[in-house]
Every structure is written in structure tokens, then in C-alpha cells.
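Structure first, commentary second.
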Amino acid sequence: MNIILGVSGGIAAYKAVLVVRALSERGHTVRVVPTANALRFVGAPTWEALTGRRVTAEVFENVADVEHVALGRWADVIAVVPATADLIARAAAGRADDLLTATLLTSRAPVLMAPAMHTEMWQHPATVANVALLTSRGVRIVPPDDGRLTGPDSGPGRLPDPQVIVSEILACAAGVQSSRRSRSDTAEVVGEFRPLTGRTVVISAGGTREALDPVRYLGNRSSGRQGFALAEVAARLGAEVSLVAANTTLPVPEGVRLTEVVSTAELHTQMVSHARNADVVVMAAAVADFRPAAPEPHKIKKGADGAVAPLQLIENPDILAELAGRRRRPQQVVVGFAAETGDHAGSVLQLAQAKARRKGADLLVVNDVSNGQVFGSGDNAVTLLDGRGVPLGTVSGSKTEVAEAVWATVIELLGGPDHEPAG
Ligand code: CTP
398 MNIILGVSGG IAAYKAVLVV RALSERGHTV RVVPTANALR FVGAPTWEAL TGRRVTAEVF
458 ENVADVEHVA LGRWADVIAV VPATADLIAR AAAGRADDLL TATLLTSRAP VLMAPAMHTE
518 MWQHPATVAN VALLTSRGVR IVPPDDGRLT GPDSGPGRLP DPQVIVSEIL ACAAGVQSSR
578 RSRSDTAEVV GEFRPLTGRT VVISAGGTRE ALDPVRYLGN RSSGRQGFAL AEVAARLGAE
638 VSLVAANTTL PVPEGVRLTE VVSTAELHTQ MVSHARNADV VVMAAAVADF RPAAPEPHKI
698 KKGADGAVAP LQLIENPDIL AELAGRRRRP QQVVVGFAAE TGDHAGSVLQ LAQAKARRKG
758 ADLLVVNDVS NGQVFGSGDN AVTLLDGRGV PLGTVSGSKT EVAEAVWATV IELLGGPDHE
818 PAG
């Protein structure tokens with residue numbers, strides 16, 4: 398089947414990557430038509446690599462081929478994922494100011510839209526009227542989920558899971574009347590969407606502690622939430638997940654094997670051992686770079702004269718650099734994190750780019766921690782860099798949404814020509 402996947406400019410655009418992949422895996426031919434704003438979230442190279450076809454948002458790029466007409470005729474179904482309030486308004490008004498809206502106007506194929514936006518926008522009378530108008534013209538709307546949105550708010554407006562959308566697209570193309578299915582029905586129709594099935598991943602999380610004496614330690618403020626979210630999402634996507642957690646108190650996600658550690662030395666041992674069998678290694682833990690040279694076997698006492706003994710520190714191994722530099726398996730994907738505040742030597746991005754090149758990982762997930770707002774919070778905002786420090790995109794939202802975006806990128810890396818499944 399020929400499917401046009403329209404993508405408009407919302408944070409949920411990354412989920413469309415998983416939709417394209419799932420449709421292609423089922424043997425469908427997919428062409429992606431993004432809006433210009435969608436390309437700010439997921440770039441043309443990603444869509445082109447996924448579909449093997451040139452991707453543009455412009456009507457005027459391939460004028461001789463009258464591409465919007467050709468595309469409209471070629472499609473058996475058009476799905477817009479995510480559909481922003483703006484795209485919905487333009488489609489409802491019959492505008493044709495970019496390739497996607499022009500294609501929607503020329504095509505006679507069934508159309509599905511999966512809206513995703515903030516609750517206020519979704520419930521605004523203008524959007525409600527536009528959606529009603531499109532529905533009356535036969536456009537099938539996949540209602541957004543009620544849940545966590547970008548930022549601290551939650552409510553209806555969240556893009557449903559990719560497998561739900563895939564199911565809806567196939568039902569729409571087949572003219573099946575059902576609107577939204579339950580998750581279990583969806584699984585029956587399209588099979589579980591588990592692109593990491595057969596893959597083994599190991600994820601470190603939390604923050605290491607270095608003993609000064611039996612009661613004191615040097616530590617950091619990492620809660621482990623981002624690492625746990627990565628583990629939970631990877632398990633949901635079918636991976637066999639080991640989580641090596643340093644000093645966390647979070648509940649262990651379903652289907653995830655937990656190993657607890659305290660110090661960097663213990664984390665090092667566990668990660669080296671787990672990496673031997675892993676297709677993907679993720680270092681999300683905040684690792685102490687230094688440890689006391691000689692931790693005291695007894696509690697350190699205040700001197701009678703109030704004198705403070707200087708603290709001698711020695712450097713810990715750089716686990717990420719070691720694992721990235723000496724891959725334990727062929728085609729293993731290694732992911733690192735970078736917590737940066739920026740300083741006199743450079744901006745957050747400059748320091749992170751230097752770190753990406755220094756560490757040798759395939760993907761670096763960069764946190765700006767200058768305000769300390771990431772630690773312990775449910776939300777995150779990150780920039781993804783490739784191994785050479787080239788920005789791949791930014792993601793903000795709940796730590797689960799960030800985890801989904803990280804795994805979408807890793808799945809691309811695993812599927813690339815240099816990352817055929819190991820073994
Ligand atoms: N990391 C590691 N071993 C260390 C220090 C860090 O494996 N001894 C990993 C972290 O898990 C993370 C990445 O390296 O994936 C970057 O950690 P970060 O603390 O941002 O950087 P550092 O290497 O500590 O460099 P700096 O402190 O100079 O920023």
C-alpha cells in the first residue's frame with residue numbers, strides 16, 4: 398500500500414519516526430511530507446534514510462513534476478502525524494501553502510489526522526470547529542490521549558502510542574469503520590510494536606557515592622529518573638533490559654532486571670560485565686569523577702584544634718569512554734549523557750560537542766543543568782548530538798518522552814548499515 402505520512406511541527410514528530418518504520422516493516426511504501434516546522438523537530442536526513450526517498454516541505458522545489466498532484470494520486474491513504482492546531486486550521490480552510498496542505502487538497506485518498514497539542518489549544522472553539530469541519534468532510538481523527546504534555550501540564554492532547562496510530566492508518570485505508578481501539582485490540586490487528594525485540598540493553602542510572610568514611614560520602618544529586626524511564630521504555634519496546642542503579646529509591650519498571658551498586662568502582666565492574674552481551678549500552682548515571690584516595694575505616698573525628706585535614710582525591714575510570722573505545726560486541730550502540738552548565742570555556746552546546754568527540758559514544762544526550770532544575774524532576778529538556786557532536790534535534794517533555802526520543806534515535810542507529818543485529 399502507498400502511504401503518505403504528513404508530519405507537522407510538534408514535539409510529537411519523533412513518534413512519527415516509529416510510525417514510518419512500523420509501516421515500512423509491514424511492507425508498505427511510505428513517503429514522508431513534512432511541514433517546514435516539522436523539519437525543525439526531525440530533519441530531512443532522518444526521513445530520507447527511513448524511506449529511501451527525497452523529502453521536501455516545498456511546493457516549488459520540484460515544479461516540473463507537479464509533485465503535490467503526483468503525490469495525491471499516488472497515495473492510498475494520507476495520515477498526518479502529529480497534526481498541530483495550525484495544520485488542522487490550514488487543512489480545514491482548504492489552504493495550499495505548502496506541499497502537505499497542497500497534497501491534502503489534490504488527493505482523493507482517505508485522510509487520517511492524529512492531533513497533538515496543548516489541552517487549551519485542543520479545546521479551543523476554533524480547533525473544535527476545525528476538527529468538526531474536517532470530520533464532516535470524512536477526515537478520520539485519532540483522538541489524542543489524556544496524559545503528560547510538553548512542560549508540567551497534563552490533559553488531553555498527547556499523541557497516542559505509535560502502534561495505535563499504525564492500527565488506525567491501516568483501518569482507515571481499509572475503510573474499517575472503527576474509530577479508536579483498545580490497546581489489546583490494536584495488538585491483535587498490527588502485532589505488538591516492539592522494535593527492540595531480541596535486543597539486549599544495559600542502562601546505568603542514579604549517582605555514584607564515594608566513601609570518605611563509614612558514614613560519609615561524596616555524591617551528587619542524580620535521582621535516576623531519566624535512566625529508569627529509559628529502562629521502562631526499552632522494556633516496553635521489547636528489549637531485554639538490565640538496569641545498573643546507583644543509590645536510587647525508584648520502583649523497578651516491569652520486566653527490568655536490577656543490579657544495585659554504590660560506588661563508581663562497582664558501577665564500572667557491572668557495566669563492563671553487562672556490556673559483553675549488550676546491543677546497546679546507555680550511561681545515564683551521574684558518575685563521580687574522583688574518589689577519596691584513602692577512605693578512613695573509622696569515622697573521621699574533628700581535631701581538638703578544629704584543624705581540617707585536606708582531602709586527597711584520585712581519579713575514577715571514565716566508564717563511558719572505556720566502553721565506547723573498546724566495544725564489547727560488534728555493532729554495539731553506545732549512548733552517553735552530558736550534564737553541562739556552561740562556563741568561561743564555552744557554552745553548554747560547545748562543551749557538550751567537545752565531550753561528544755572526547756567520549757566516542759554514538760549518541761550524546763545533553764542536559765543543561767545550569768539552573769539545577771533537572772535533578773529529581775519529572776521533566777527534562779535535552780539536545781541529542783551524534784558522535785561527532787553534530788546536533789540531531791532537541792526534545793523537551795516528561796522523562797518518558799525524552800526516553801522515547803532517545804530510543805527512536807537508537808533504533809535508527811541499530812537499523813543503519815553499520816549496525817546490523819549482532820550475532
Ligand atoms: N561518565 C562515566 N565515567 C565517569 C564520568 C562520567 O562513564 N567517570 C559518563 C556519564 O555516565 C555520562 C558521561 O560520561 O554518560 C558524561 O558525564 P559528565 O558528568 O557530563 O561528564 P564528565 O566526563 O564527568 O566530564 P566533566 O565533569 O568534565 O564535565
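In this note's numbering, the protein residues as written are 398 to 820. Note that beta-carbon positions come from the ideal geometry of N, C-alpha and C, so glycine has one too. The model shown is predicted, which means the values in this text are computed figures rather than measured ones.
- In summary, Asp676 is buried, with 16 or more beta-carbon neighbours lying within 10 Å of its beta-carbon over all protein chains present.
- Scanning the stretch 640 to 715 for uninterrupted beta strand (DSSP E) segments of 3 residues or longer gives 653 to 658, 677 to 680, 687 to 689, 710 to 712, listed from N- to C-terminal end.
- Look at the beta carbons and you see the stretch 428 to 444 not touching the stretch 530 to 542: under three pairs across the two are nearer than 8 Å.
- Arg470 and Asn399 have their C-alpha atoms spaced approximately 10 Å apart.
- In this structure Lys756 is buried. Its beta-carbon is surrounded by 16 or more other beta-carbon atoms within 10 angstroms.
- The three-state secondary structure of Met510, taken from DSSP, is strand.
- In this structure, Val477 places its C-beta atom within 7 Å of the C-beta atom of Met510.
- With a cutoff of 7 Å on beta-carbon distance, Gly554 and Thr605 are scored as not near each other.
- The beta carbon of Ala493 sits closer than 6 Å to those of Ala499, Leu502, all from its chain and outside the five residues before and after it, given in chain order.
- Apart from sequence neighbours up to five positions away, the residues of its chain that approach Leu781 with a beta-carbon distance below 8 Å are Leu760, Leu761, Val762, Val763, Pro788, Leu789, Gly790, Thr791, Val792, Ala802, Val803, Thr806, ordered along the chain.
- Taking a 10 Å sphere around the C-beta of Val612, we find fewer than 16 other C-beta atoms and assign the residue as exposed.
- Within 10 angstroms of the beta-carbon of Gly722 lie fewer than 16 other beta-carbons, which makes it exposed.
- Rounded to the nearest angstrom, the gap between the Cα atoms of Ser795 and Ala626 is 9 Å.
- Within a 10 Å sphere around the beta-carbon of Phe457 sit fewer than 16 other beta-carbons, which makes this residue exposed.
- In this structure, the straight-line span from the alpha carbon of Leu708 to that of Pro689 is close to 7 Å.
- By DSSP's assignment, Asp543 forms a beta bridge with Pro553.
- When DSSP states are grouped into helix, strand and coil, Thr498 belongs to the helix group.
- A check of alpha carbon separations from Val684 across Glu693, Gly700, Glu712 identifies Glu712 as the nearest.
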